[in-house]
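Below is one structure, written out as structure tokens; the observations come after it.
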Amino acid sequence: MYLFVRVAELGSFAAVAEQQGVDRSAITRQIAALEKHLGVQLIVRSTRRQSLTSAGRLYLERCRAIIDLVDSAETEVMEERLSPKGSIRLSLPISFGVRCLTPILIRFAKDYPEVALQLDYSDDLVNLIEEGFDLAIRVAAEPASNDIVRKLGECKMLVVGSADYFECKGRPAHPADLADHVCLQYQNHSRWSLEIDGETTYFSTSGRIQANNGDALAVAAANGLGLAVLPDFIAQGYLQSGELQSVLDQYSSQRLGIYAVLPTNYYIPQRISLLMEYLAEHLPSALGESAVSQLSGSTVIDQS
Numbered sequence: 498m499y500l501f502v503r504v505a506e507l508g509s510f511a512a513v514a515e516q517q518g519v520d521r522s523a524i525t526r527q528i529a530a531l532e533k534h535l536g537v538q539l540i541v542r543s544t545r546r547q548s549l550t551s552a553g554r555l556y557l558e559r560c561r562a563i564i565d566l567v568d569s570a571e572t573e574v575m576e577e578r579l580s581p582k583g584s585i586r587l588s589l590p591i592s593f594g595v596r597c598l599t600p601i602l603i604r605f606a607k608d609y610p611e612v613a614l615q616l617d618y619s620d621d622l623v624n625l626i627e628e629g630f631d632l633a634i635r636v637a638a639e640p641a642s643n644d645i646v647r648k649l650g651e652c653k654m655l656v657v658g659s660a661d662y663f664e665c666k667g668r669p670a671h672p673a674d675l676a677d678h679v680c681l682q683y684q685n686h687s688r689w690s691l692e693i694d695g696e697t698t699y700f701s702t703s704g705r706i707q708a709n710n711g712d713a714l715a716v717a718a719a720n721g722l723g724l725a726v727l728p729d730f731i732a733q734g735y736l737q738s739g740e741l742q743s744v745l746d747q748y749s750s751q752r753l754g755i756y757a758v759l760p761t762n763y764y765i766p767q768r769i770s771l772l773m774e775y776l777a778e779h780l781p782s783a784l785g786e787s788a789v790s791q792l793s794g795s796t797v798i799d800q801s
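Start counting the sequence shown at 498; every next residue gets the next number (the working numbering).
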């Protein structure tokens with residue numbers, strides 16, 4: 498049963514064999530024996546990829562439920578819910594993770610010495626199941642439609658530039674003025690969203706610098722290379738030091754959600770539930786009360 502679930506999730510006998518440290522033929526034989534026992538074909542084999550039959554999809558759903566119940570029972574017996582223990586592998590966005598989450602996670606590690614943390618910093622949207630993550634923290638306008646999430650808070654996006662840039666190019670008074678300015682772009686996102694009279698409007702921008710990291714754009718903006726849209730947790734220090742100034746404040750910019758994303762909601766181990774509560778409790782002080790909504794009572798939402 499466990500082996501079938503892994504083959505279904507990874508879509509490859511070879512991948513499961515590599516994880517288990519056995520020959521591919523051993524995995525194939527065990528799945529074939531399972532199909533013989535059930536009297537139905539569960540997986541359609543091809544040279545490129547395996548796919549589930551209708552019976553296979555139904556069996557996978559039931560197997561996942563059974564495995565989660567078994568894991569839940571074993572965990573409750575072993576941990577006895579007295580003290581959280583075990584490991585948590587987290588996927589964290591780079592800038593937000595380093596700036597805001599790492600100090601909280603360090604305090605969590607001190608408070609719960611029997612919990613081991615494996616922190617992976619990347620802005621890539623990892624597949625939690627395939628890559629073995631227990632939890633991911635993501636900053637996004639909306640979670641993916643199939644994500645299982647708990648919303649921890651929000652951050653606001655700000656349009657900023659340096660005094661030197663404004664002296665040279667002037668300050669935009671209206672979002673439409675962005676067409677006449679040099680705009681630093683996150684990846685290839687050339688359309689910036691701002692609210693006018695309560696409606697979100699998109700404005701095309703152009704510039705010669707693109708980056709996939711907000712801290713890099715902040716440095717470029719502070720050096721007078723253009724305007725940037727930055728989350729408040731990056732912009733805050735630059736605004737306080739005077740290196741950057743905000744503009745178009747009267748036009749509400751996009752707010753991004755801060756989400757804890759889970760690989761499954763059948764059973765959430767105690768240590769992971771505790772960590773999500775810990776993050777929800779401490780994020781407001783890490784970002785400032787205005788930068789994050791207090792959502793410690795939020796529930797896990799299955800988006801699928």
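C-beta atoms are modelled at their ideal positions from N, C-alpha and C, and glycine is treated no differently.
Please read all numbers here as calculations on a predicted model, not as lab measurements.
Residue of Gln737, Arg635, Gly594 and Glu639 minimising C-alpha distance to Tyr618: Looking from the CA of Tyr618, the closest CA among Gln737, Arg635, Gly594 and Glu639 belongs to Gly594.
Distance between beta carbons of Ser588 and Phe630, contact taken as under 8 Å: About 5 Å separates the beta carbons of Phe630 and Ser588, which is inside the 8 Å limit, making them a contact pair.
Whether Val726 touches Met654 by CB criterion (8 Å): In contact: Val726 and Met654 (Cβ atoms closer than 8 Å).
Contact under 8 Å by Cβ, Pro600 with Arg635: Contact flag unset, no.
Between the CA atoms of Leu598 and Glu577 - distance to the nearest angstrom: Note on Glu577: pLDDT 49, under 50, position unreliable in the model; the coordinate value appears next. So the alpha carbons of these two residues sit roughly 29 Å apart.
Cβ neighbour criterion (16 or more within 10 Å) applied to Thr702: The C-beta of Thr702 has 16 or more other C-beta atoms within 10 Å across all chains shown, which makes the residue buried.
Rounded straight-line distance, which links the Cα of Glu506 to that of Arg768: In this model, Arg768 and Glu506 are separated by some 24 Å (Cα to Cα).
Per-residue DSSP class, three states only, for Ser519: Before going on, a small fix: residue 519 reads as Val here, not Ser. Correct three-state label for Val519: coil.
Distance between Asn685 and Arg668 (C-alpha atoms, nearest Å): If I take the Cα positions, the gap works out to 24 Å.
Segment contact flag, the stretch 648 to 662 with the stretch 734 to 751, C-beta cutoff 8 Å, min 3 pairs: Yes, they touch.
Coarse secondary structure for Ser750, derived from DSSP in three states: Three-state DSSP puts Ser750 in a strand.
Beta carbon of Glu651 nearer than 8 Å to that of Arg752: Yes, the pair counts as a contact, with Cβ atoms nearer than the cut-off.
Any 3 or more C-beta pairs closer than 8 Å across the stretch 550 to 568 and the stretch 531 to 539: A contact exists between the stretch 550 to 568 and the stretch 531 to 539.
When Tyr556, Pro610, Gly704 and Asp729 are compared against Leu722, the one with the closest alpha-carbon: It is Gly704.
Nearest candidate by alpha-carbon position, reference Glu532, set Tyr556, Thr698, Asn710 and Leu614: Among Tyr556, Thr698, Asn710 and Leu614, the Cα nearest to that of Glu532 belongs to Tyr556.
Cβ-based neighbour list, Leu616, same chain, cut-off 8 Å, excluding 5 preceding and 5 following: Excluding sequence neighbours, Leu616 sits near Leu587, Leu589, Gly594, Thr599 and Leu602.
Complete runs of the alpha helix (DSSP H) confined to the stretch 660 to 711 [at least 4 residues]: Counting only runs of 4 or more, we get 660 to 666.
Arg647 classed as buried or exposed, judged by whether at least 16 other C-beta atoms fall within 10 angstroms: Result: buried.
Extent of the continuous beta strand (DSSP E) run through Ala638: Per DSSP, Ala638 lies in no beta strand (DSSP E) segment and is marked neither H nor E.
Alpha-carbon spacing of Asn719 relative to Glu573, whole angstroms: Reading off the sequence shown, one finds Ala at residue 719, where the question assumed Asn. Ala719 and Glu573: Cα-Cα distance of roughly 52 Å.
Same chain, Cβ closer than 6 Å to Ala828, neighbours up to 5 away in sequence not counted: For residue 828 there is no data in the structure shown, the boundaries of the chain being 498 and 801.
Burial state of Ala638 (16 or more Cβ within 10 Å): Its Cβ having fewer than 16 others within 10 Å, Ala638 is exposed.
Asp631, DSSP secondary structure in three states: Coil.
Buried versus exposed call for Ser750 [16 or more other C-beta atoms within 10 Å across all chains shown]: Counting other Cβ atoms within 10 Å of its Cβ, Ser750 reaches 16 or more and is therefore classed as buried.
Boundaries (first-last residue) of the beta strand (DSSP E) holding Ile645: Where Ile645 is concerned, the enclosing beta strand (DSSP E) stretches over Ile645 to Gly658.
For Arg561 and Met498, the rounded distance between their alpha carbons: Cα to Cα, Met498 sits roughly 9 Å from Arg561.
Closest residue to Ile564 among Pro766, Val502 and Gln747 (Cα-Cα distance): When only C-alpha atoms are compared, the closest one is Val502.
Rounded separation between Leu500 and Ile528 - CA only: If you take the alpha carbons of Leu500 and Ile528, they lie about 8 Å apart.
Distance, Pro766 Cα to Arg559 Cα: Approximately 20 Å between the Cα atoms of the pair.
Run of the alpha helix (DSSP H) containing Tyr499, from where it starts to where it stops: Counting along the chain, the alpha helix (DSSP H) containing Tyr499 begins and ends at Tyr499 to Leu507.
Cβ-based neighbour list, Tyr756, same chain, cut-off 8 Å, excluding 5 preceding and 5 following: Within the same chain, Tyr756 has close Cβ partners Ile634, Arg635, Val636, Ala637, Pro640, Asp644, Val646, Arg647, Lys648 and Leu649.
Sheet register partners of Leu727 (DSSP bridge): For Leu727, which the question treats as bridged, DSSP gives the partners Leu655.
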